[in-house]
């Protein structure tokens, strides 16, 4: 199997896992709040969630991109589901992709997606899926993905 | 919040978690193979997966419905993702829904879905999502779900 190609980040930008230290400057929260409601997360709850994710690294891959000023400006999660079907196969689920609009035009969304697909390949997934709005289909096609179906939801 | 309503199973039918004993009669595999490729799973690999799921019960809820002859005739998985967004909220993902065609007309698919939604509610999820083919949208609407978006995929 060919390794997934991943475009390079701009000079000084980095991709890394979310850590407990990301509570302080709030840039993780600011970037996620572009996507959806983040809500109030006190520091102990944030630390507990990071520990929960870190204790399950084979499942949770919460990633961020930082710019040359070391500020978080993009987010993305890959979590890995272990199935019975497909010979006991794994599926990667991409979630919570957000890029700060001030950083547009640098292909950071595409770079994040391709990195998450690469992690999924390394973890031995047979496919990666995500759900998006109709208006973002074109972007995910540029990332190498195809329409597979319809997302249905039930909200409490 | 109102508890989710769940229709009753037919007399003698039961909903339960998948267990190691389900390797023997192969009815779990037969039911899943209606949905997709199951592939070859040797018994030790099956047992290891059941242990993996059982060690992570707050994430994996692999459920089956058995008929009056104690034969597995429907499958469904709910797995629970712990997020940072929505105040550190949880999302339930429904996967691998399959019902044996010989049992059609008993609303087993709907009963499975409503049970998985109920588990998600008990686990404190703020929403439940699943991906399906266009042709199954009407069925999931009958289960109380709504179209939320487009599923995109990347296959290795």
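Chains as they are written, first to last, in the UniProt record's numbering: chain A, 1 to 156; chain B, 1 to 156.
Ideal Cβ placement from N, Cα and C applies to all residues, glycine included.
Chain-ordered chain B contacts of residue i [CB-CB under 7 Å]
i: residue 1 of chain A; result: 156
i: residue 90 of chain A; result: Those do not exist, as residue 90 of chain A stays about 11 Å from chain B at its closest Cβ, beyond 7 Å.
i: residue 111 of chain A; result: Those within 7 Å of residue 111 of chain A in chain B number zero; the least Cβ separation is about 15 Å.
i: residue 49 of chain A; result: 82, 84, 88
Beta-carbon neighbours of residue i, restricted to chain A and to distances below 9 Å
i: residue 36 of chain B; result: 85, 86
i: residue 129 of chain B; result: 131, 151, 152, 153, 154
i: residue 32 of chain B; result: 84, 85
Distance cut-off 8 Å: residue i Cβ against heavy atoms of the ligand ATP
i: residue 79 of chain A; result: The ligand ATP is absent from the structure shown, which contains no ligand whatsoever.
Closer than 8 Å at the beta carbon, the chain A residues around residue i
i: residue 52 of chain B; result: 82
i: residue 133 of chain B; result: 149, 150
i: residue 45 of chain B; result: 88
i: residue 121 of chain B; result: 156
Residues that residue i bridges to, as DSSP identifies them
i: residue 75 of chain B; result: B:64, B:98
i: residue 17 of chain B; result: B:63
i: residue 1 of chain A; result: Bridge partners of residue 1 of chain A: none, in fact.
i: residue 155 of chain B; result: A:127
i: residue 92 of chain B; result: B:80, B:128
i: residue 57 of chain B; result: In DSSP, residue 57 of chain B forms no bridge with anything.
i: residue 150 of chain B; result: A:132, A:150
Assumed close pair residue i, residue j - CB separation to whole angstroms, cut-off 8 Å
i: residue 104 of chain A; j: residue 6 of chain A; result: Residue 104 of chain A to residue 6 of chain A, Cβ: 20 Å. No contact.
i: residue 86 of chain B; j: residue 39 of chain A; result: 6 Å
i: residue 84 of chain B; j: residue 130 of chain A; result: Between residue 130 of chain A and residue 84 of chain B the Cβ distance is about 17 Å, and since that is not below 8 Å, they are no contact.
i: residue 97 of chain A; j: residue 128 of chain A; result: In fact, because the Cβ distance is near 12 Å, the residues do not count as touching under 8 Å.
i: residue 136 of chain A; j: residue 31 of chain A; result: Incorrect: roughly 17 Å between the Cβ atoms, too far for contact.
i: residue 156 of chain A; j: residue 1 of chain B; result: 6 Å
i: residue 143 of chain A; j: residue 80 of chain A; result: The pair is not a contact, with the Cβ atoms about 19 Å apart (cut-off 8 Å).
i: residue 121 of chain A; j: residue 3 of chain A; result: 7 Å
Beta-carbon neighbours of residue i, restricted to chain B and to distances below 9 Å
i: residue 145 of chain A; result: 152, 153, 154
i: residue 137 of chain A; result: 150, 152
Listed by chain order, chain A residues near residue i by CB distance under 7 Å
i: residue 39 of chain B; result: 86, 87
i: residue 79 of chain B; result: 81
i: residue 13 of chain B; result: Ordered by position in chain A, no residue passes the 7 Å Cβ test against residue 13 of chain B, which lies about 21 Å from the chain.
Chain-ordered chain B contacts of residue i [CB-CB under 8 Å]
i: residue 72 of chain A; result: In chain order: nothing, as chain B lies at least about 12 Å away.
i: residue 117 of chain A; result: 154
i: residue 96 of chain A; result: 83, 84, 85
**Request:** Spell out a yes or no on whether the stretch 138–152 of chain A and the stretch 139–152 of chain B are touching, meaning 3 or more CB-CB pairs, one atom from each, closer than 8 Å.
**Result:** The stretch 138–152 of chain A vs the stretch 139–152 of chain B: in contact.
**Asked** Is the number of C-beta pairs between the stretch 61–76 of chain B and the stretch 4–24 of chain B that are closer than 8 Å three or more?
**Response** Under the 8 Å Cβ criterion, the stretch 61–76 of chain B counts as touching the stretch 4–24 of chain B, having at least three qualifying pairs.
**Request:** Determine contact between the stretch 20–38 of chain A and the stretch 73–87 of chain A, defined as no fewer than three beta-carbon pairs at a distance below 8 Å.
**Result:** The answer is yes - the stretch 73–87 of chain A touches the stretch 20–38 of chain A, with three or more Cβ pairs under 8 Å.
**Asked** Three or more C-beta pairs closer than 8 Å, one from the stretch 39–49 of chain A and one from the stretch 97–116 of chain A: is that the case here?
**Response** At 8 Å Cβ cutoff, the stretches do not touch.
**At least three beta-carbon pairs within less than 8 Å, the stretch 110–123 of chain B to the stretch 87–95 of chain A** = Contact annotation: the stretch 110–123 of chain B does not touch the stretch 87–95 of chain A, with fewer than three C-beta pairs closer than 8 Å.
**Item:** Minimum length 4: unbroken alpha helix (DSSP H) runs contained in the stretch 101–139 of chain A
**Value:** Within the stretch 101–139 of chain A, the complete alpha helix (DSSP H) segments of 4 residues or longer fall at 108–122, listed in chain order.
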